[in-house]
Structure formats: C-alpha cells, structure tokens
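Asks: Going by the UniProt record's numbering, the sequence shown opens with residue 1, and the numbers climb by one from there. Quick one: the structure is below, and I'll ask about it shortly.
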Amino acid sequence: MNQKTQLTEREKFTALEVNASYVSAPRMSRKHIGLVQLSTDHTLEMDWAKLIGEQAAVFSSRVYYSGDMRPAALDTIATGISKTAQLIATDLPMDVMAFGCTSATMVIGENRVGQLLREGRGDIPTTNPWTAAQAAFKKLGAKKIAIFSPYPSDVNFFLYQQLMKAGFEIVALTSLGIKKDTEITTISKQSMIDALDKMLINSDADLVFMSCTNLRVLDHIELFESMYKRPFVSSNSAMFWHAMALTGTNAHCPGFGRLLNAN
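Pasting the structure below:
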C-alpha cells in the first residue's frame, strides 16, 4: 500500500469521525465497597453476591496467600494488602474498604490491616471479619460467645486471646484443626451440625460465631438459629453488615439470620 493510498484512507476516516462532547453522570447511588480477598478464598464473593442486592456495589481484587494456616504464613499476607487495595477500581471513590480474612486480621492486627487498606484510598472507614464480628456481637447484645473454628490450635489461641481482651467470654470453642485454607470450603453442613451438637450441649452461649470467610455456612444460618435457639454470625455476614453500617446504612438481607434482619 503506497503513501497516497494511506493518506486517502486517513482522509476518509477524518471525514467520517464526528467530534462530540459529553457531560459526566454522577456515580451510581449504591454504597461502594472495596474488597481485598485472598487468592485462596472460594466462598466470600459467592456469599456476598447473595447479600448485596441493590444495596451496594462491590469492587474487589485478590492478594496472594499460600493457604498455610500457620500464624507465620498468615502474617505474610500483610505485604500485599496495600498494593492490592490500590488496584481496586482506579479513580473510583470507595465508601468503605474491607479485607476478607478473619484469621489473618487476628495475626496481623486490626489497626495495621486498616492502615494498609487506606494507603492510596484516602481516610475512609475500613472493616474486616474480625472487627466486624466483635461489632456484631455488641449489636446483638452477646457477651458469652461459642466459636466454631476450622483453624488449628495456634490460630485459635490468637482468637481466644483477642476476644477475651475485648471483654467477651468464650464459653466453648470447637476446632477442626484444618491446616490448608482451601480445605475449609469443603466442610459439609452435617459436619458443622455434628460439631455444634457437641459444642452447644448444655451451653449458655448468647451467640455462635462461625469463623472464616471460606466457610460455606451463610445458607445454613437461619436453620442453625432455629435448631440452637440463639443468633449465629458468620465472618461473611458480619463483614457485610459492618461494611454497610460504616456507610450509615442498615443492611437488610432476609433469610440470612438475625444480624442481617436487625434494624
């Protein structure tokens, strides 16, 4: 193709192209949640898809995690949180930032996780399942907590220490001792029931916390509340409720337990 032909094509294109202008539309009215998930999480975004409805818009990215449930491995997740948070929806302001790992938050520390989420995002509220769970316990007036934990004992000790320090009483704690994060997503409903039956026999717990964002328990919360006659809170239900609360909005998600039906 010679230069004359190229110029002719360019001239044809220039004649075809129409210059126009535009006026910017406002940001959609839903609350905007920026979510940092783990690379190993198979459950969180599916649970939140059931809860969101027209209430919020969630924008997420993932931080690398080896899946090793030892505290030292969980602590290394901190090195990627800030960079991952900054990759979420460039130039779109968030109303709240969230980090999706209960155990890593306990190991890294709530305050540090919040600082990492805010880097490059501005001074906005932040949440995580661990902070959210404690807020949910207070919302529901619970002091005596029973915990269903899939974690090994070294991680459970962090959980125990921090809840006691926060002023809650742990009256029961069931551990499955799972050492690889992706295995948590495979826990069956019947396995949960078997553990809960053992843990809650003659228990005076005000509330049961089902810990871990990878635990597929959201769909069973109302059944468990009916069976065991007390509120159940999961990592994923607590974090969505708390993220919305931090924006000044009451989450309303019928069918997923007392917390998400509360005013």
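Where is the CB? At the ideal position from N, CA and C, for every residue including glycine.
Can you look up I69 in the DSSP assignment and give me helix, strand or coil?
Replies: One detail in the question is off: residue 69 reads as Met in this sequence, not Ile. M69: coil per DSSP, three-state reduction.
Asks: What are the partner residues of A172, as DSSP defines its beta bridges?
Replies: Partner(s): A146.
Asks: Taking 8 Å as the cut-off, is the CB of A15 close to at least one heavy atom of the ligand PLP?
Replies: In the structure on display, the ligand PLP does not appear, and there are no ligands present to speak of.
Asks: Indicate whether A136 and D206 have their beta-carbon atoms separated by less than 9 Å.
Replies: In this structure, D206 does not lie closer than 9 Å to A136 by Cβ.
Asks: CB-CB under 7 Å to M106, same chain, minus the five flanking residues each way: which ones, in chain order?
Replies: For M106, where only same-chain residues beyond five positions count, the Cβ hits under 7 Å are W130, F158, L159 and Q162.
Asks: Identify whether K180 lies in helix, strand or coil by the three-state DSSP scheme.
Replies: K180 falls in the strand class under three-state DSSP.
Asks: Could you please give the first and the last residue of the uninterrupted beta strand (DSSP E) stretch that includes V36?
Replies: Its beta strand (DSSP E) spans residues K31 to L38.
Asks: DSSP three-state label for S211, please.
Replies: Coil, per DSSP.
Asks: State the Cα-Cα distance for the pair E9 and M28, rounded to the nearest angstrom.
Replies: If I take the Cα positions, the gap works out to 41 Å.
Asks: CA-CA distance, R30 and L38?
Replies: Those two C-alpha atoms are separated by around 24 Å.
Asks: Give the range of the beta strand (DSSP E) segment to which M94 is assigned.
Replies: No beta strand (DSSP E) contains M94, which DSSP labels as neither H nor E.
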